[in-house]
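Numbering (the numbering used here), first residue to last: 1049 to 1540.
Here's the structure we're looking at; comments come further down.
Following this line, the structure appears as structure tokens:
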């Protein structure tokens, strides 16, 4: 089975697709046969978490050899619970806690696995060079990627984050990162500027003879890399299996999922799980005030020509949702010319119009709602007051969207809300939502929130206190490529 570019007839085996990260024509790698090759999803539900992940990844990413060993190396003993992503009943709904990993965010599920896939892919393809991992982050991907790749042999990792566009805790996680192969740099601008800089770097440097002569090749830790996206399917299966064990549903009954999303990878993983047979009903796209995805599903027009707002949920402060490209490929039955035209329109004009018939097809699987900071704060306060459950601003967007979605349906299928980060990654916003003053210092904010609620601070975040800042570089978006070249020349 070969992966294909969303923009043309470029193909690669799964290990090669993971190493490349992005296709030579700028497209994203997809499995054109997704959902067509038999997959026993019922048997997967009966497996324990690590075996379930191994079964799913072996199907999605053939050619990696001993997937059981790779999965065990990635996860065993590294999460707070053997369940990986525990399902918690809160009121009438369920919250899927995706933040029980080493960096307290949902990206840990994928980025614990990706470095193992990269090293295995290098072995499979005979690549003895150094893989240079280029990563743009809106907050959580950066630290999770750094945690996964630091000091991994045969790799170098660059993380670019928007200056002033992540929470203080998120920034502290990145700039204190140790590792001989690690580079972290702020970019003047927003996440889209970071993502643009990284994509330009791929286009400019992927074919560089100078880099190739030094044994250097580029890959990505963003969800544009299929090796980052594929591991995320597992928690949709984990949530479904937990509901079956609880007796809330029988195997085969529908479950709806509400997903806070910016770059569209997390929710696309749910749609891919549905293609594998999992009885996923509606996928509810929860956005913040940067409602570009909500507008797209409502109108069929994707338009990034608007001011990017900085919100209390910075991981969703995104106007170019890269993984949507994969969905356009699938829903158009692999029409690469259409996908390429849409992406060209987005790059050159800042917008594109998706055909109405295909937009209607999208609406069969997706609903979309957006949430302002004030609405999210009200959800945080209400959830704590009424249920004694503390959530972060991204999860609050899912709570808000779930309330809106519930009013549109007539049955009582379970509603699973993906809780994507610890509230302690955004203590100032959570304290404000609870009506409490927020000290200036981020660690004092965490202490204040712990005293107020009695919810313990995750060890991974508490351990940041007193750590030395190791990375203070700052560049303009046009300086990303020269910065990468300079660092690769002089060493980290």
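Note that beta-carbon positions come from the ideal geometry of N, C-alpha and C, so glycine has one too.
On a predicted model such as this, the values are computed, not experimentally measured, just so you know.
Hey, residue i and residue j: beta-carbon distance below 8 angstroms or not?
| i | j | result |
| --- | --- | --- |
| residue 1357 | residue 1365 | yes |
| residue 1509 | residue 1493 | no |
| residue 1518 | residue 1226 | yes |
| residue 1503 | residue 1438 | yes |
| residue 1221 | residue 1151 | yes |
| residue 1218 | residue 1370 | no |
| residue 1105 | residue 1373 | no |
| residue 1367 | residue 1316 | no |
| residue 1280 | residue 1158 | yes |
| residue 1266 | residue 1177 | no |
| residue 1223 | residue 1206 | no |
| residue 1215 | residue 1473 | yes |
| residue 1481 | residue 1141 | no |
| residue 1285 | residue 1049 | no |
| residue 1292 | residue 1331 | no |
| residue 1498 | residue 1487 | no |
| residue 1463 | residue 1289 | no |
| residue 1118 | residue 1165 | yes |
| residue 1337 | residue 1421 | yes |
| residue 1256 | residue 1183 | no |
| residue 1299 | residue 1090 | yes |
What residues are listed by DSSP as bridge partners for residue i?
| i | result |
| --- | --- |
| residue 1077 | 1053 |
| residue 1349 | 1401 |
| residue 1184 | 1208 |
| residue 1304 | 1463 |
| residue 1524 | 1236 |
| residue 1203 | 1179 |
| residue 1333 | 1307, 1416 |
| residue 1141 | 1138 |
| residue 1342 | Its beta-bridge partners do not exist; DSSP assigns none. |
| residue 1153 | 1469 |
| residue 1266 | 1180 |
| residue 1569 | Since the first and last residues shown for the chain are 1049 and 1540, residue 1569 lies out of range. |
| residue 1059 | 1052 |
According to the neighbour-count rule (16 or more other Cβ atoms, all chains shown, within 10 Å of its Cβ), is residue i buried or exposed?
| i | result |
| --- | --- |
| residue 1335 | buried |
| residue 1294 | exposed |
| residue 1458 | exposed |
| residue 1470 | buried |
| residue 1212 | exposed |
| residue 1607 | Because the chain in this structure spans residues 1049 to 1540, residue 1607 falls outside the shown range and cannot be described. |
| residue 1443 | buried |
| residue 1405 | exposed |
| residue 1145 | buried |
| residue 1231 | buried |
| residue 1262 | exposed |
| residue 1055 | buried |
| residue 1190 | buried |
| residue 1148 | buried |
| residue 1063 | buried |
| residue 1424 | buried |
| residue 1511 | exposed |
| residue 1507 | exposed |
| residue 1124 | exposed |
| residue 1530 | exposed |
| residue 1538 | exposed |
Here's a check: name, in chain order, each residue in its chain whose Cβ is nearer than 6 angstroms to the Cβ of residue i, leaving out the five neighbours to either side.
| i | result |
| --- | --- |
| residue 1132 | 1097 |
| residue 1143 | 1136, 1465, 1467 |
| residue 1107 | 1087 |
| residue 1082 | 1323 |
| residue 1254 | 1266 |
| residue 1452 | 1417 |
Excluding the 5 residues flanking residue i on each side, which residues of the same chain have their C-beta closer than 8 angstroms to its C-beta?
| i | result |
| --- | --- |
| residue 1301 | 1327, 1461 |
| residue 1522 | 1211, 1233, 1234, 1235, 1236 |
| residue 1399 | 1349, 1350, 1351, 1352, 1353, 1393 |
| residue 1309 | 1315, 1333, 1334, 1335, 1341, 1364, 1369 |
| residue 1058 | 1052, 1071, 1072, 1073, 1075 |
| residue 1229 | 1197, 1198, 1199, 1200, 1203, 1204, 1205, 1540 |
| residue 1240 | 1352, 1356, 1366, 1367, 1368 |
| residue 1375 | 1312, 1316, 1319, 1410 |
Kindly list the residues whose CB is nearer than 7 angstroms to the CB of residue i, restricted to its own chain and excluding five residues on each side of it in sequence; keep chain order.
| i | result |
| --- | --- |
| residue 1344 | 1350 |
| residue 1237 | 1210, 1525 |
| residue 1196 | 1159, 1160, 1162, 1163 |
| residue 1477 | 1360, 1441 |
| residue 1155 | 1188, 1189, 1192 |
- Query: Should the region 1268-1275 be regarded as contacting the region 1067-1082, the criterion being three or more beta carbon pairs within less than 8 angstroms?
  - Reply: yes
- Do the region 1239-1253 and the region 1116-1134 meet, that is, are 3 or more Cβ pairs less than 8 angstroms apart? no
- Spell out a yes or no on whether the region 1155-1173 and the region 1190-1208 are touching, meaning 3 or more CB-CB pairs, one atom from each, closer than 8 angstroms. yes
- Message: Within 8 angstroms, do at least three Cβ pairs link the region 1299-1315 to the region 1108-1123?
- Response: no
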